[in-house]
Structure formats: C-alpha cells, structure tokens
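*Asks:* Take the sequence shown: its position 372, counted from the start at 1, is 372 in UniProt numbering, and no numbers get skipped.
Here you go, one structure.
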Amino acid sequence: MDRLPDKVASEGIKSFLTVIHAIVVQQTEEQRQKKRSESAFKELEKKVVELRSLEAKYGQYSMHGASTRTKDPIVAKREKVACLRAKAEEEKGKHEKAVSVTRAMTMNNLQMGLPHVFEAVTGFANVCIHVFESLKVSASSTAQVMEQSPSEASSSVPTIVDVDLGNRSYPIYIGSGLLDQPDLLQRHIHGKRVLVVTNTTIAPIYLDKVVSAITHQNPNVLVESVILPDGEKYKNMDVLMKVFDKAIESRLDRRCTFVALGGGVIGDMCGYASASFLRGVNFIQIPTTVMAQVDSSVGGKTGINHRLGKNLIGAFYQPQCVLIDTNTLSTLPERELASGFAEVIKYGLIRDAEFFEWQEKNMKALMSRDPNALAYAIKRSCENKAEVVSLDEKESGLRATLNLGHTFGHAIETGYGYGVWLHGEAVAAGMVMAIDMSYRLGWIDESIMKRASNILKQAKLPTAPPDTMTVEMFKSVMAVDKKVADGLLRLILLKGPLGNCVFTGEYDRKALDETLHAFCKAGKMSASRFIKCVTVGDGAVGKTCLLISYTSNTFPTDYVPTVFDNFSANVVVNGATVNLGLWDTAGQEDYNRLRPLSYRGADVFILAFSLISKASYENVSKKWIPELKHYAPGVPIVLVGTKLDLRDDKQFFIDHPGAVPISTAQGEELRKLIGAPSYIECSSKTQLNVKSVFDAAIKVVLQPPKQKKKKSKAQKACSIL
C-alpha cells in the first residue's frame with residue numbers, strides 16, 4: 001500500500017481522536033449515572049428488606065394508638081421506602097436516557113467522522129445479532145429448567161451471596177471446584193504473609209490445595225500453617241494459644257491474612273485469633289462442613305468455649321470473604337453431614353416456610369449428597385443468614401432468633417461433655433424441646449411439632465436429649481447462657497404459622513419446667529442420680545489426666561492441657577445408675593476469679609496434690625481449703641495424691657534433684673487436718689487406684705459420713721440456799 005500524504009494522515013488522526021474523545025466523555029457520564037442508579041436501587045432494596053422484616057417479625061410492636069408525637073416505625077419505614085422507590089425510578093430514567101444518547105452519538109460520530117469504520121461496525125453488529133439470538137434461546141431454556149427445579153442449581157461458576165454491612169460487607173462464594181480457582185482467594189489476601197489455621201483431619205486432604213491456590217503465580221506470598229487437634233473439646237484458650245504462638249514466631253504483621261480451613265471450631269477459633277492478634281488482622285473463611293458453610297462461617301461470630309458454657313468468650317469480627325467449595329463435602333463423614341442439616345432445618349422453622357417445605361421434599365437428596373440439592377440448600381441458608389446479619393450484626397434482637405434450640409443444645413453439649421454429641425445433634429434435640437415448649441404455651445399448632453420431628457428423623461438427627469441429662473443439669477448450664485439478661489432466661493420459641501418465631505423472656509415458667517421434666521429422666525420416678533464432682537488443686541498436679549484416665553481407661557500421652565474442661569461418666573451403684581458430671585478446673589493464679597464459678601452446685605470435691613511436689617501438698621491447707629470453705633462450705637472433699645508411679649521412680653528423682661516425695665503417712669496426716677473423709681493415692685498412668693478415687697467421691701455423696709455430735713459440757717448443779 002502506498003504511503004498516505006502526511007497532511008491526509010494528520011487530518012484522519014485528528015478526526016479519529018475527536019470522535020473518540022466525544023464518545024469517552026459521554027460514556028463516562030453514562031457510567032456515573034449508572035452508578036447513581038444502582039446505588040439508589042441498592043438502598044431501596046435494603047430498606048424494603050428492613051420493612052419486610054419489621055412487618056413479619058415485629059409488627060406487633062408498632063406504636064398504633066401511641067402519642068401523636070411518636071411516629072409508628074412501620075409507617076415511617078413505608079414512607080421512606082416510597083421516597084426511595086421514586087428516587088430510584090428517577091435515576092433509572094436518567095440512566096436509560098444517557099445510554100440512548102451515548103449510542104446515538106457514537107453511531108452518528110462514527111458515520112460522520114469515520115464512515116469506513118462505521119460500515120465495519122454495523123456489519124459486525126449484524127453478525128453479533130444472529131449469535132445473540134441463538135444464545136438467548138439457549139439461556140431461556142436453561143432458565144425454565146432452573147425455575148422448575150431450584151434444587152438443580154449447581155455450577156462451577158460461583159454463586160455470590162453478599163453480606164451487606166456497609167464498609168465491612170463481604171461476598172460468600174458458593175460452588176464446586178472453587179479451591180481450583182486461585183483468583184477468588186487471592187483477591188482477598190492482604191499483604192505477603194498468610195497463616196492457614198486448620199486441623200489434623202482437614203490438613204492432609206486440603207491444606208496443600210489451599211496453599212497452592214494462594215501461591216499460584218504469586219511467588220512473593222509466604223504461607224505458614226498451624227494444625228490444631230480436631231474436636232469441640234479443643235475449642236479453648238490453651239489450644240488457641242498455639243495460633244498466637246505460630247503468628248508471633250513467624251513475625252506476622254498487621255498486613256497479614258489468617259485463613260480458616262475447616263469446620264465451625266476452626267472458623268470460630270481462627271476468627272477470634274484474627275480479631276485479637278495485633279488488635280485485628282485480615283481474615284478469610286474456607287468452611288469444609290455443612291454446619292460451617294450454612295451457619296458459623298457467616299456473620300462474624302468468633303470465639304472459644306469456657307468451662308461453664310459454650311462460646312462465652314469471643315468477638316464479632318467479619319471475614320473478608322467466605323469461600324464455600326461444595327466439593328469438600330464429599331469427604332465429610334455421614335454423621336457430620338447430618339449434623340449440619342440441623343441448621344438448615346432451623347432456617348425453615350424460624351423464617352422461611354417455603355424453604356422448609358422444599359426440605360421435606362428433598363431431604364433424601366440432601367442425605368445422598370446430591371450436588372445440586374446441596375448447592376441450593378447452602379445458598380438458601382446463606383441468604384437467610386446474610387439478611388438477618390445485615391439487619392442485626394451484633395445480635396441485639398433479630399439475630400438472636402437464629403439460635404432456635406441452641407439454649408437447650410448448649411446445655412446438652414456442656415452437661416454431657418463437649419465432643420460426645422456433635423453441635424448439630426445437640427441443636428436438633430434442643431429445637432424439639434423449644435418447639436415442645438412453644439406448643440405447651442399454646443403458641444403453635446401440633447402439626448408444626450410433628451413436621452419438625454419427622455424431618456429431623458429423616459436427617460438421622462436425635463429428637464431428645466441423652467438419657468443422662470437431668471433437669472438440674474439443664475438449669476445449671478442455662479443459668480449462665482449468653483441470652484440471660486437481668487437474671488431472666490430469654491428463649492427463641494416458635495409462635496404463629498410455620499416460619500415465625502419470637503425472642504422473649506415473657507413466657508410461663510411452668511411450660512419450661514414441664515418441657516424439661518418431659519424430656520429428662522430426672523423428672524420421672526425411675527430417675528438416675530446426678531452428681532457434680534469438681535476437681536481442684538495446683539496446676540500440673542495431674543487433675544485432667546486423672547479425669548481422662550477414669551473416663552477413657554487410657555493415659556493421654558499427647559493430651560493438650562486445658563484451662564477448663566468437663567467429662568461425664570455413668571456408674572451403676574447398687575443397681576441404680578449414677579450420672580457423674582466431672583468438672584475440671586485450672587489451678588493457676590490467673591484463674592482465681594473464674595475458677596469459683598465452677599463450684600456452684602458441686603456435690604463433692606476431689607482435692608488433688610502431687611506426691612512428688614511438696615509445694616502442691618502444702619497448698620492444700622494454705623490455699624485450697626480456705627477457698628473451698630469460702631465458696632462451697634459444707635461440700636465433702638476427697639483428698640487425692642497423684643503421680644504415685646513417680647514417687648517410687650528413682651530415676652525421676654535423679655533427673656529432678658529438687659523434687660521432694662510425700663509419704664502416705666504425710667497424706668493421712670493432711671486428711672485429718674482438713675477433715676476429709678477419704679485419702680487415696682493413685683497413678684493415672686498405670687491406672688492404679690483411679691477407680692477408687694471416684695468410687696469414694698460417689699460414696700461420700702450417697703452415704704455421707706455421720707457428723708460427730710459435740711459433747712456439751714455438764715451443766716453445773718444449782719444450789720438453793
């Protein structure tokens with residue numbers, strides 16, 4: 001091609017630039033108007049959701065008939081929605097007009113300034129129209145299938161559910177194979193240092209895949225990991241310290257990112273560590289269980305358990321995103337799968353009747369791990385949770401309704417022992433108890449109670465608490481529940497048609513007692529006896545090992561020490577079953593204020609000292625007896641000398657020249673000094689006399705020693721003069 005004259009080329013370029021500039025200016029204005037329109041509709045949508053929630057849940061609290069100075073909140077909300085709707089429609093009209101102007105101006109400028117380009121564009125447009133029509137037909141048929149069967153909604157392209165919390169908003173990505181899409185994870189990583197927190201079960205399966213996703217084409221990012229023991233009983237301060245230890249040893253700074261890879265326990269602990277480390281660092285959730293995917297990973301609740309109750313220590317701290325790869329459910333044990341469905345069922349019971357009806361029809365598909373059914377159930381659950389959290393992030397009222405059955409369920413977990421029942425199993429039984437109480441109050445129809453029980457049974461979930469739970473156990477744990485306010489236990493109960501509930505302390509206490517007695521054997525004539533046994537003593541004397549050795553017949557060589565823990569054992573005494581609730585405590589000075597909270601309701605104390613520690617022996621009379629007499633006067637004490645195997649171990653004293661053994665005679669002398677009915681020496685490692693310790697504790701409760709009557713001094717005879 002011959003070279004164009006410079007003047008012709010110059011004029012052509014100038015004409016081209018003029019056209020492009022005009023188009024860019026108009027498109028910029030169009031985009032601005034588009035954002036204004038989208039913002040208006042987003043604000044409208046939020047207010048509509050708030051109005052709907054007010055009308056559905058709290059309409060009875062509107063102020064009709066109140067002072068003329070007080071405006072009805074629902075009426076005010078409706079007026080606000082009407083104004084926002086008008087504004088949104090106005091902004092939409094402006095945007096549509098801007099789009100029309102842009103298109104007309106673009107074509108006109110091209111036709112006038114660059115006719116050859118205009119011809120090429122219009123020709124290409126005709127081709128695109130034919131392609132678009134074929135795509136439209138295909139998309140239309142796909143949409144019809146989706147409408148007919150919402151359970152068939154699974155795709156490798158992630159579904160996104162937004163949690164709207166202003167500048168702390170974040171997306172929930174839901175789909176299969178998301179761990180194989182590195183960009184989803186990397187866009188939410190802050191800084192160049194990442195700490196992945198996971199557990200011994202998940203790490204061998206998914207840790208390498210997550211690390212690869214974080215570092216894919218991103219070699220400057222350094223990934224550390226900390227692997228915690230798996231289970232609810234490890235959701236405590238001592239295990240949490242391992243996360244802090246790793247973060248500090250790795251010299252992570254405030255620009256780092258913590259990634260929670262696991263179920264609800266890992267998510268809660270990693271989230272709490274993120275909220276606390278350096279007063280807050282970036283945090284991402286990758287839940288791998290149904291329970292975590294539909295509930296605990298969404299909403300920013302983080303924390304750990306305390307000896308006296310579940311999740312009593314924690315913080316509200318939102319993640320940067322939640323990444324739910326539904327493929328991780330393929331490795332989930334069946335019991336864990338069913339446990340998660342308890343939370344799915346909960347959403348239908350408290351606020352989404354249509355979803356509950358879908359569950360009744362599709363529970364078999366869910367139990368068989370149908371990927372489409374799982375994807376739909378997770379999405380619908382997350383939408384429900386996200387809507388509630390966006391309206392009540394800090395659980396001031398509405399969000400508390402998400403805890404249907406949890407007050408009863410937490411009592412089961414605490415009283416029966418963390419890890420014996422899964423969280424969802426305890427919640428399932430708790431929901432049945434809450435629904436039973438709702439029915440006794442006359443707030444729901446009997447059919448709701450039957451439907452709830454049936455669907456829980458379909459999911460292979462329990463519909464009653466363990467046989468060993470007693471009324472006293474429930475009341476003791478529920479008394480320190482987070483929802484207690486001014487000494488009043490508030491509960492989430494169903495009220496009205498399916499999908500409606502209330503969070504209230506205004507209920508007949510008789511109904512609560514009737515429910516507890518109906519579900520607990522302690523309320524029946526054949527009741528088993530519950531004995532609360534609390535172990536106390538200096539730190540490191542072997543209290544926890546003693547409890548584990550007794551309840552599991554094994555010595556915990558790899559046990560992680562805990563601050564507070566609890567265990568449970570059933571013992572047959574004279575043909576009757578005794579449920580022995582075993583409460584561990586921390587002997588360190590740091591827990592002097594918290595420890596006495598465990599003493600409430602104690603039937604017997606096991607006061608332990610180490611047979612190779614003179615200091616722990618001396619502290620029995622100096623520290624522990626005064627403390628027990630102050631907080632639990634009159635409660636019997638069994639004195640126990642631990643680590644009996646080491647007292648006769650010559651090599652131990654060679655390795656520890658400062659250790660001083662305590663003789664049996666010294667132990668008996670101490671027993672007499674403190675007035676204990678029994679003194680027993682034992683070894684948790686060899687299990688020598690371990691059973692005898694707890695037999696003595698049970699005996700002193702069932703057959704208390706007779707108190708010796710003090711002899712009164714003989715009265716002096718009177719002389720009559």
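All C-beta atoms in this analysis are idealised placements derived from N, C-alpha and C, irrespective of residue type, glycine included.
Of the residues L195, H216, I202, G191, which one's Cα is nearest the Cα of L184?
*Replies:* Cα-wise, what sits closest to L184 is H216.
*Asks:* For E413, which option in A375, H306, S678 has the closest C-alpha, if you only look at C-alpha atoms?
*Replies:* Considering only alpha carbons, the answer is H306.
*Asks:* Could you round the C-beta distance between V660 and K614 to whole angstroms and report it? I think they count as a contact, below 8 Å.
*Replies:* That belief holds up - the Cβ atoms of V660 and K614 are roughly 4 Å apart, short of 8 Å.
*Asks:* Specify, as a first and last residue, the run of the alpha helix (DSSP H) that C382 falls within.
*Replies:* It spans 371-391 - the alpha helix (DSSP H) in which C382 sits, taken as one unbroken run.
*Asks:* Following the continuous beta strand (DSSP E) through Y679, name the residue where it begins and the one where it ends.
*Replies:* Residues 678-681.
*Asks:* I need the boundaries of the beta strand (DSSP E) containing S225, first residue and last residue.
*Replies:* Taken as a continuous stretch (DSSP letters only), the beta strand (DSSP E) holding S225 covers 222-228.
*Asks:* Go ahead and pull the three-state DSSP assignment for H306.
*Replies:* H306 falls in the strand class under three-state DSSP.
*Asks:* Between Y617 and I662, is the Cβ-Cβ spacing less than 9 Å?
*Replies:* Taking 9 Å as the Cβ cut-off, Y617 and I662 qualify as a contacting pair.
*Asks:* Beta-carbon within less than 8 Å of A452's beta-carbon, same chain only, minus the 5 sequence neighbours each way: which residues are those?
*Replies:* Within the same chain, A452 has close Cβ partners I345, L349, M431, V432, I435.
*Asks:* Under DSSP, the beta strand (DSSP E) around G537 begins and ends at which residues?
*Replies:* Residues 529-537.
*Asks:* Helix, strand or coil for S154? Go by DSSP, reduced to three states.
*Replies:* Since pLDDT at S154 reaches only 48, below the 50 mark, its modelled position is unreliable, and the value read off the structure follows with that caveat. It is coil, neither helix nor strand.
*Asks:* Would P636 and V604 be called neighbours here (beta carbons separated by less than 9 Å)?
*Replies:* Against a cut-off of 9 Å, the Cβ pair of V604 and P636 comes out as a contact.
*Asks:* T504: buried (16+ other C-beta within 10 angstroms of its C-beta) or exposed?
*Replies:* Flag for T504 reads exposed.
*Asks:* Please list, in chain order, all residues of the same chain as M449 whose beta carbon is under 7 Å from its beta carbon, the five residues on each side excluded.
*Replies:* These residues qualify, in order along the chain: I435, D436, Y439.
*Asks:* Would you kindly check if the distance between the Cβ of A429 and the Cβ of G405 is under 9 Å?
*Replies:* A contact, by the Cβ cut-off of 9 Å.
*Asks:* Should H410 go down as buried or exposed, given a rule of 16 or more other Cβ atoms within 10 Å for buried?
*Replies:* Per the 10 Å Cβ criterion, buried.
*Asks:* Mapping the DSSP letters down to three states, classify D513 as helix, strand or coil.
*Replies:* D513 falls in the helix class under three-state DSSP.
*Asks:* The beta strand (DSSP E) spanning A608 covers which residue range?
*Replies:* First-last of the beta strand (DSSP E) with A608: 604-610.
*Asks:* Quick one, are the C-beta atoms of I492 and L546 less than 9 Å apart?
*Replies:* Contact flag unset, no.
*Asks:* Beta-carbon separation of L582 and T551 under 9 Å?
*Replies:* Yes.
*Asks:* Residue range of the alpha helix (DSSP H) that L261 falls in?
*Replies:* Unbroken run through L261 is the beta strand (DSSP E), 257-262; no alpha helix (DSSP H).
*Asks:* Under a Cβ-count criterion, where at least 16 other Cβ atoms within 10 Å of its own Cβ denotes burial, should Y31 be classed as buried or exposed?
*Replies:* Residue identity check: residue 31 is Gln in the sequence provided, not Tyr. It is exposed - the Cβ of Q31 has fewer than 16 other Cβ atoms within 10 Å.
*Asks:* Can you tell me which of the three DSSP states Y439 falls into?
*Replies:* Of the three classes helix, strand and coil, the one that applies to Y439 here is helix, per DSSP.
*Asks:* DSSP state of residue 757, grouped into three classes?
*Replies:* Past the boundaries of the shown model lies residue 757; the chain is included only from 1 to 721, so the question cannot be answered.
*Asks:* Pull up the CB-CB distance for S274 and V265, whole angstroms please, since I reckon it's below 8 Å.
*Replies:* Going by Cβ atoms, the distance from S274 to V265 rounds to 15 Å, so no, they are not a contact pair.
*Asks:* What number of angstroms, rounded off, separates the C-alpha of K685 from the C-alpha of P556?
*Replies:* When rounded, the distance between both Cα atoms is 8 Å.
*Asks:* If you draw a straight line from the alpha carbon of M291 to that of T201, how long is it in whole angstroms?
*Replies:* Distance between the alpha carbons of M291 and T201 is about 16 Å.
*Asks:* Should N384 go down as buried or exposed, given a rule of 16 or more other Cβ atoms within 10 Å for buried?
*Replies:* Buried, since its Cβ has 16 or more Cβ neighbours within 10 Å.
*Asks:* Cutting at 6 Å between CB atoms, please list the residues of its own chain near Q285, excluding the five before and the five after it.
*Replies:* A260, G267, S297, P319, V322.
*Asks:* Using CA atoms only, rank isn't needed, just tell me which of D513, L278, A426, T198 is closest to K235.
*Replies:* Considering only alpha carbons, the answer is T198.
*Asks:* Residues in the same chain with beta-carbon distance under 7 Å from P704, minus the five sequence neighbours each way, listed in chain order, please.
*Replies:* Cβ neighbours of P704 beyond the five flanking positions: P636.
*Asks:* Run through the region 148-218 for me and flag every whole alpha helix (DSSP H) of 4 or more residues, listed as ranges in chain order.
*Replies:* Within the region 148-218, the complete alpha helix (DSSP H) runs of at least 4 residues are 182-186, 208-215.
*Asks:* In three-state terms, what does DSSP make of S476?
*Replies:* DSSP places S476 in helix when its eight states are reduced to three.
*Asks:* Give the single residue among M367, S37, L228 whose Cα lies nearest to the Cα of K246.
*Replies:* If we check each option's Cα against that of K246, L228 comes out closest.
*Asks:* Determine the contact status of A40 and K80, defining contact as a CB-CB distance below 9 Å.
*Replies:* Going by C-beta atoms, A40 is not nearer than 9 Å to K80.
*Asks:* Starting from N282, trace the beta strand (DSSP E) in both directions and tell me its first and last residue.
*Replies:* Unbroken beta strand (DSSP E) run through N282: 282-287.
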